[in-house]
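Residues 14 to 448 (the working numbering) are what the sequence shown spells out, left to right.
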Amino acid sequence: MNYEEALDYLLNHLPMFQRNGAAAYKADLSNITKLCAALGNPQQHLKCIHIAGTNGKGSVTHIISSVLISAGFKVGIYTSPHYLTFLERIKIGNQLISETFVAEFVSKNIEVFKTIDASFFEITTAMMFEYFKQEKVDFCVIETGLGGRLDSTNIINPLLSIITNISYDHQQFLGNTLPEIAAEKAGIIKPKTPVVIGERQKEIQAAFIEKATKEQSLIFFSDEIVKVNSLENFNLNLTLFPERKNYVFTTDLSGFNQEKNLQTALASLLCLQKVIPEISLPEIEKGIKKIKETTYFIGRLMVIEKTPLVIFDSAHNEAGIRNLLAQIERFEFEKLHFVYGTVADKDIAKVLSLLPKDAIYYFCKPSVPRGKNALELQTEAAKFNIKGNVFDSAEIALSEAKSNAAKNDLILLAGSIFLVADVVSQFAVNGKVQV
Numbered sequence: 014m015n016y017e018e019a020l021d022y023l024l025n026h027l028p029m030f031q032r033n034g035a036a037a038y039k040a041d042l043s044n045i046t047k048l049c050a051a052l053g054n055p056q057q058h059l060k061c062i063h064i065a066g067t068n069g070k071g072s073v074t075h076i077i078s079s080v081l082i083s084a085g086f087k088v089g090i091y092t093s094p095h096y097l098t099f100l101e102r103i104k105i106g107n108q109l110i111s112e113t114f115v116a117e118f119v120s121k122n123i124e125v126f127k128t129i130d131a132s133f134f135e136i137t138t139a140m141m142f143e144y145f146k147q148e149k150v151d152f153c154v155i156e157t158g159l160g161g162r163l164d165s166t167n168i169i170n171p172l173l174s175i176i177t178n179i180s181y182d183h184q185q186f187l188g189n190t191l192p193e194i195a196a197e198k199a200g201i202i203k204p205k206t207p208v209v210i211g212e213r214q215k216e217i218q219a220a221f222i223e224k225a226t227k228e229q230s231l232i233f234f235s236d237e238i239v240k241v242n243s244l245e246n247f248n249l250n251l252t253l254f255p256e257r258k259n260y261v262f263t264t265d266l267s268g269f270n271q272e273k274n275l276q277t278a279l280a281s282l283l284c285l286q287k288v289i290p291e292i293s294l295p296e297i298e299k300g301i302k303k304i305k306e307t308t309y310f311i312g313r314l315m316v317i318e319k320t321p322l323v324i325f326d327s328a329h330n331e332a333g334i335r336n337l338l339a340q341i342e343r344f345e346f347e348k349l350h351f352v353y354g355t356v357a358d359k360d361i362a363k364v365l366s367l368l369p370k371d372a373i374y375y376f377c378k379p380s381v382p383r384g385k386n387a388l389e390l391q392t393e394a395a396k397f398n399i400k401g402n403v404f405d406s407a408e409i410a411l412s413e414a415k416s417n418a419a420k421n422d423l424i425l426l427a428g429s430i431f432l433v434a435d436v437v438s439q440f441a442v443n444g445k446v447q448v
């Protein structure tokens, strides 16, 4: 089996959340447990940092990874979904997993996959564990796929658990209230393993404290350790506690939401100093300077072109869109052209209520089966006095926006990770987006 055949099997012949939605979600850990047992439990050989949360998981994953790499470590990175290529999901530093490994892993274990009826994400997670074990990484930073308690990644015993924040997303699996969602995310808190909570939210912090107490685990809220005061012009102003010392570091990240993510990541890194003493302030300062380059981090506030300004962002839920729009307000532009698409299994009423009424909208369907019909999206948006035309694809919608926009306008493409994936390949060189 070559790589193309292995990829076809993974993407087209297995239950996959991106394609099948709820039908691909398995609410237990039995399959991943059996699969990893058949591989000799590679996850037991890894030193992991485990990250859950509604928003910011990917950013925090890459920030922590970049600092660990700068400190001299070989670091495995696991995130999802992907934009250009399946290989993006599993990286060591900024180097993607090899096609050869993927092909050999699938060929060797395909009968096991069939026997236990493994899903796409279960197989990908097991592949990640085996790859990082074989490559002898020093540490791996692992992002959950969905939720926490029943996520396939949740068979590890990490050095540190991190929960970025809680907002509304995937309610059909995680619950309809913030405390219910928080309880699912809190499932990654392990016995006598410290946990960092990124954002203090009064409505749900009791759920985290209760779970940490039950597991006899130390719990830290990021604002007890570090406070990010501002992030402007790539200068990060922060205060460290309890000394209350102020520092200004340079970073390649920008955006209102990245203030929160940097605070969560830096607090987590400072907690890790007890077990990884090489994480010093100079290494943190060095590590956050070139996060995108060091870890191949894409998909967030990507400035694609400058005249007119074209920005892609993977924001797709209420909190993510709110943060994105707050950041967009910091840009100077005359008219906003918004290329917008989403998936059909999300309640988007709250998102639509946030969108600016004076923008010009270009509605389109992400090219995944879960994508929401653009005509239906246009109809729902009209209820919120949001008006625009319908296009057959994100590529056509973006082209039309670029044709209509004046040089001082801003073109924003957001609403779904899959929407970004549909168009970002236009701007790739040798299979990678320039970061």
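Backbone N, C-alpha and C fix where the C-beta goes; we use that ideal spot for every residue, glycine too.
| request: Give the secondary structure of V261 by DSSP, where H, G and I count as helix, E and B as strand, and everything else as coil. | output: strand
| query | Below 8 Å between beta carbons: does that hold for L365 and A394? | reply | yes
| query | For the putative contact between S438 and I301, defined by C-beta atoms under 8 Å, what is the C-beta separation to the nearest angstrom? | reply | At roughly 28 Å, the Cβ-Cβ gap does not stay under 8 Å, so S438 and I301 are not in contact.
| query | So, are the CB atoms of Q340 and F269 less than 8 Å apart? | reply | yes
| said: Here's a check: name, in chain order, each residue in its chain whose Cβ is nearer than 8 Å to the Cβ of K149, leaving out the five neighbours to either side. | reply: K87
| Where E10 sits in the DSSP three-state scheme | Because the chain here runs from 14 to 448, residue 10 falls outside it and cannot be looked at.
| message | On the DSSP letters alone, give me the boundaries of the beta strand (DSSP E) that I176 sits inside. | response | 173-176
| query | Taking the DSSP output, what are the residues bridged to I324? | reply | V316, L425
| said: Just to confirm before moving on: does the CB-CB distance between N250 and V261 stay below 8 Å? | reply: Closer than 8 Å, so yes.
| task | Measure the C-alpha to C-alpha separation of D371 and A434 and round it to an integer number of angstroms. | result | Approximately 26 Å, taken between the alpha carbons.
| Just reading off the beta strand (DSSP E) that V150 is part of, what are its end residues? | Careful: V150 lies outside any beta strand (DSSP E) and carries neither H nor E.
| task | Within its chain, find whatever has a CB closer than 6 Å to the CB of K146; leave out the 5 residues flanking it on each side and keep chain order. | result | P55, H58
| Ends of the alpha helix (DSSP H) at K127? | Start and end: 112-129.
| According to the Cβ coordinates, are I169 and H63 closer than 8 Å? | Taking 8 Å as the Cβ cut-off, I169 and H63 qualify as a contacting pair.
| Does the Cβ of T307 have 16 or more other Cβ atoms within 10 Å, making it buried, or fewer, making it exposed? | If you draw a 10 Å sphere on the C-beta of T307, you find 16 or more other C-beta atoms in it, and that means buried.
| query | Three or more beta-carbon pairs under 8 Å between the segment 201-219 and the segment 169-178, yes or no? | reply | yes
| task | Give the straight-line distance between the Cα atoms of F344 and E228, rounded to the nearest whole angstrom. | result | 45 Å
| field | Classification of N167 by the beta-carbon crowding that lies within 10 angstroms, buried from 16 upward | value | buried
| The alpha helix (DSSP H) with I232 in it runs from where to where? | Taken as a continuous stretch (DSSP letters only), I232 belongs to no alpha helix (DSSP H), being part of the beta strand (DSSP E) at 232-234.
| field | Exposure label - T157; buried when at least 16 CB within 10 Å | value | buried
| query | Are the segment 380-388 and the segment 321-341 touching by the rule of at least three beta carbon pairs closer than 8 Å? | reply | Two segments are said to touch when three or more pairs of C-beta atoms, one from each, lie closer than 8 Å; by this definition the segment 380-388 does not touch the segment 321-341.
| field | Presumed contact (8 Å Cβ cut-off) between L253 and S267, rounded CB distance | value | About 22 Å; that fails the 8 Å criterion.
| task | Tell whether a beta-carbon distance below 8 Å holds between L20 and F99. | result | L20 is a Cβ neighbour of F99, given a cutoff of 8 Å.
| task | Quick one: using the 10 Å Cβ neighbour count with 16 as the cut-off for buried, is G53 buried or exposed? | result | exposed
| query | Start and end of the beta strand (DSSP E) containing F351? | reply | 349-353
| Terminal residues of the beta strand (DSSP E) in which A225 lies | Per DSSP, A225 lies in no beta strand (DSSP E) segment; the continuous alpha helix (DSSP H) that holds it begins and ends at 218-227.
| query | Exposed or buried, what is E18 when buried is set at 16 or more other beta-carbons lying within 10 Å of its beta-carbon? | reply | exposed
| query | Which of the three DSSP states, helix, strand or coil, is assigned to L27? | reply | coil
| task | Select from S412, A65, V154 the residue whose C-alpha is nearest the C-alpha of I201. | result | The residue with the shortest Cα to Cα distance from I201 is A65.
| query | What are the boundary residues of the alpha helix (DSSP H) that E393 is part of? | reply | Boundaries of the alpha helix (DSSP H) around E393: 387-395.
| query | Cα-Cα, which of F126, E112, Q108, F114 is closest to A50? | reply | F126
| query | Is A278 near I77, with beta carbons less than 8 Å apart? | reply | yes
| Burial state of K104 (16 or more Cβ within 10 Å) | buried
| task | Report yes if the CB atom of Y16 is closer than 8 Å to the CB atom of A84, and no otherwise. | result | no
| query | Under 8 Å, do L48 and A195 count as touching if we go by C-beta distance? | reply | Contact: no.
| request: Compute the beta-carbon to beta-carbon distance between F152 and K60, rounded to the nearest angstrom, for a pair I have assumed lies under 8 Å. | output: Contact holds; Cβ gap of about 5 Å.
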